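Notes for the one structure printed next.
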Ligand code: ADP
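Numbering (full-length UniProt numbering), first residue to last: 1 to 774.
Here you go:
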């Protein structure tokens, strides 16, 4: 009979068998451990998991088979059980028979006896190695992803569509301007999209969700909580569930705001350029190696009337004016030969669509690598026109000036020639011995009036010349002291008549020879001394000369003790037609031009002129002119030529177109015992000079047909009998300077004295008669 204990034992055996059966069949490793730690039992599954056979492990202490760290944890779990914990779970690395570590998960339970005292520990251990390693790999992947995110600035996000759980990477939060701990939902994310795009984005995502198709490289605009706008470049795709419906949606984002801004700025610049190119009339053009247009900007429509694309492919040369092509070819050629040169500015006419020619200007730039020339062409038609107008205007002015100076020269000729005759013949008549007193008086008056008229004519013409800027100084070495002395002598008679003391004071004497414009200096002196005598009734007129060596300048003052001029009038003196008192000068025979002309002459010579005066006390008129000491060789050329005297019975050739002049000259030359041959123009003179030898030739400069200069050149050029004869020029022109083909010059109006002196000087002839008037 079985006792209850036996029954218990049986039951126990039965449950033991059952346990073993279960344990033996189970996939997990089941083991029983004494409280001291030794293994009592381990199921055969251990061989599959760790490679050990069950009997290898019986009696071993489990923790001793582990690495120290895992052993400690296992021991701790066991002692927890002993101190009352119902069960313990730990994960640890078990050591396999081949030395590998295998991750296992163990559930430990304390088994008590009937009395409730701890009896043993049962462990169910599962192989979780694959799972743990997978998790580790996942962690690694995630770590790498984070790294990639940091490096590439790529943000990740993921939405589990079944649970609506959203997970995002830190970068995502950065981009969205959200704090690290923020909780997010898909709706919340969508709220960040720019309001004007939100509805569209929502619809688009819904469409993707519906079809499960991925989205690639979309750009969205979001507004961060701080109000900042960001542009995001994103892609997303889906993980599908078993039924093919999207289960997870995940994607990446890059913040491309900077790029978008740069692109917008670029677009803005571009559109500005576009505005500019539509507003401007400058044409941007590009041509290829063969001169074909590959690009031309829209301004071409405004300037040349062609559409923007109309000219593409056409040769630029076909539009160019044929006359301007060579210039273009030269310019382009130079540039292509050496693209480093400063590109030339080229101008050429291009044909407008309506047939007109438009002037274009541009500076081509060669892009040799690309085989292209480009440049900006500007319409300069108006500018060209203005330039042409200006040139025409200039030519007109030039012509007018020429006409004026021709007129002046003519006038001076026409007026002075008859006066020359009047004065000359008057002088001859006065010289006649048997002249009745009354006749002598009349002739004297004729002479005086003629001279006055001549001086007015000279003044007016001189002023006209000065005003048209035609006066240029004729510098020549000259003995200055004799020049002043001779000029003063001219007034000796006039001064004596008025009882005036006329003196010269050389305060600082100049060198013997100075380079000045002697004729002009003389003219100014004549004006000032003439005025001084005219406006002085008693006392003296003193000419003072100071040579300012340091400045190479002559200072000449004409001081009188005459009427004087008040301050107000002094300022007006050098202006046109200003006479202090019209009555004063009229009564004294002035024209009001002398000082104006003097100032003009002094200005032209580069000097200064001025006055100091007190009414009733007299006036000091002064002027300065630059004067240099000539170099030695200049002096040598200025030396007087020496001629053989005109032989008695020798011949003089007189060339003058004016019969009256010829007659007068012949009359004056009658004092020479010489035969006079007349010529009426240059051609006749040249012919006469071919036929016979002349001791002297007098050549009027201004003659119709061949003038005196040409005739003289012709005579000097041919190896005839007169090639080296002395030739004196006659000229009424103050500006005429005898060039070196002449041996001297006689200024018109010719007076008997002047002519005789000149002829005598040139030919060293003694006058036959002594009654010739001076
Ligand atoms: P004009 O032919 O009338 O003398 P000027 O130009 O030579 O013309 O002189 C202008 C005016 O200046 C004269 O009309 C005269 O009134 C005054 N004037 C010129 N020189 C003197 C002088 N030495 N003394 C006083 N008045 C003078």
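C-beta atoms are modelled at their ideal positions from N, C-alpha and C, and glycine is treated no differently. Since the model is a prediction, treat every value here as computed from it, not as a measurement.
- Residue burial annotation: residue 447 is buried, with at least 16 other C-beta atoms found within 10 angstroms of its C-beta.
- Taking residue 93 as reference, the option from 39, 62, 80 with the minimal CA-CA separation is 62.
- Sorting 240, 374, 360, 515 by C-alpha distance to the C-alpha of residue 339 places 374 at the top.
- The alpha-carbon separation between residue 475 and residue 741 amounts to approximately 18 Å.
- Residue 597 sits close to residue 462, with the two beta carbons spaced by under 8 Å.
- At a cut-off of 7 Å, the beta-carbon of residue 566 does not count as near the ligand ADP: no heavy atom of the ligand is closer than that.
- The criterion of a C-beta distance shorter than 8 Å is not satisfied by residue 601 and residue 539.
- Under the three-state reduction of DSSP, residue 518 is assigned to helix.
- For secondary structure counted as the alpha helix (DSSP H) over 4 or more consecutive residues, the UniProt domain "Response regulatory" (651-763) holds these complete runs in sequence order: 659-669, 682-691, 708-717, 752-763.
- Pairing residue 547 with residue 518 gives a Cβ-Cβ distance that is not under 8 Å.
- Taken through DSSP and simplified to helix, strand or coil, residue 372 comes out as strand.
- With a 10 Å radius around the Cβ and a threshold of 16 neighbouring Cβ atoms, residue 283 comes out buried.
- By the criterion of a C-beta distance shorter than 6 Å, residue 699 is surrounded in its chain by 655, 708, 712, 727, 729, once the five residues flanking it on both sides are discounted.
- Judged by DSSP secondary structure, residue 361 falls outside any alpha helix (DSSP H) and instead within the beta strand (DSSP E) spanning 357-362.
- In terms of side-chain proximity, the C-beta atom of residue 560 is found nearer than 7 Å to a non-hydrogen atom of the ligand ADP.
- According to the DSSP assignment, residue 215 belongs to the beta strand (DSSP E) that extends over 215-223.
- The segment 417-484 contains, as complete beta strand (DSSP E) runs of 3+ residues, the segments 476-479 (chain order).
- Under the 10 Å beta carbon count, residue 731 is surrounded by 16 or more other beta carbons and is classified as buried.
- Cα atoms of residue 567 and residue 620: separation of roughly 13 Å, rounded to the nearest angstrom.
- Boundaries around residue 247 are those of the beta strand (DSSP E), 246-255, since no alpha helix (DSSP H) includes it.
- Runs of the beta strand (DSSP E) spanning 3 or more residues and lying entirely within the segment 593-617 occur at 608-614, in chain order.
- Counting other Cβ atoms within 10 Å of its Cβ, residue 137 stays below 16 and is therefore classed as exposed.
- Scanning the segment 21-77 from its first residue to its last, the whole alpha helix (DSSP H) runs of 4-plus residues come out as 45-50, 54-57.
- A check of alpha carbon separations from residue 706 across 682, 694, 714 identifies 682 as the nearest.
- The distance from the Cβ of residue 515 to that of residue 604 is about 15 Å, inconsistent with a contact at the 8 Å cut-off.
- Beyond the five residues adjoining it in sequence on each side, residue 426 comes within less than 7 Å, by CB distance, of 443, 446, 447, 450 in the same chain, given in chain order.
- According to DSSP, residue 293 shares a beta bridge with 287.
- When the alpha-carbon of residue 758 is set against those of 412, 311, 717, 665, the nearest one is in 665.
- Boundaries for residue 345: no beta strand (DSSP E) harbours it, and the DSSP string shows neither H nor E there.
- In terms of Cβ geometry, residue 160 and residue 248 form a close pair [threshold 8 Å].
- For residue 101, the pairing in a beta bridge is given by DSSP as 95.
- The DSSP-derived three-state label of residue 497 is helix.
- For residue 234, the pairing in a beta bridge is given by DSSP as 218, 253.
- The continuous stretches of alpha helix (DSSP H) do not include residue 542, which lies in the beta strand (DSSP E) extending over residues 540-548.
- In the DSSP assignment, residue 377 forms a beta bridge with 283, 362.
- Annotation: residue 469 to residue 660 spans about 33 Å, alpha carbon to alpha carbon.
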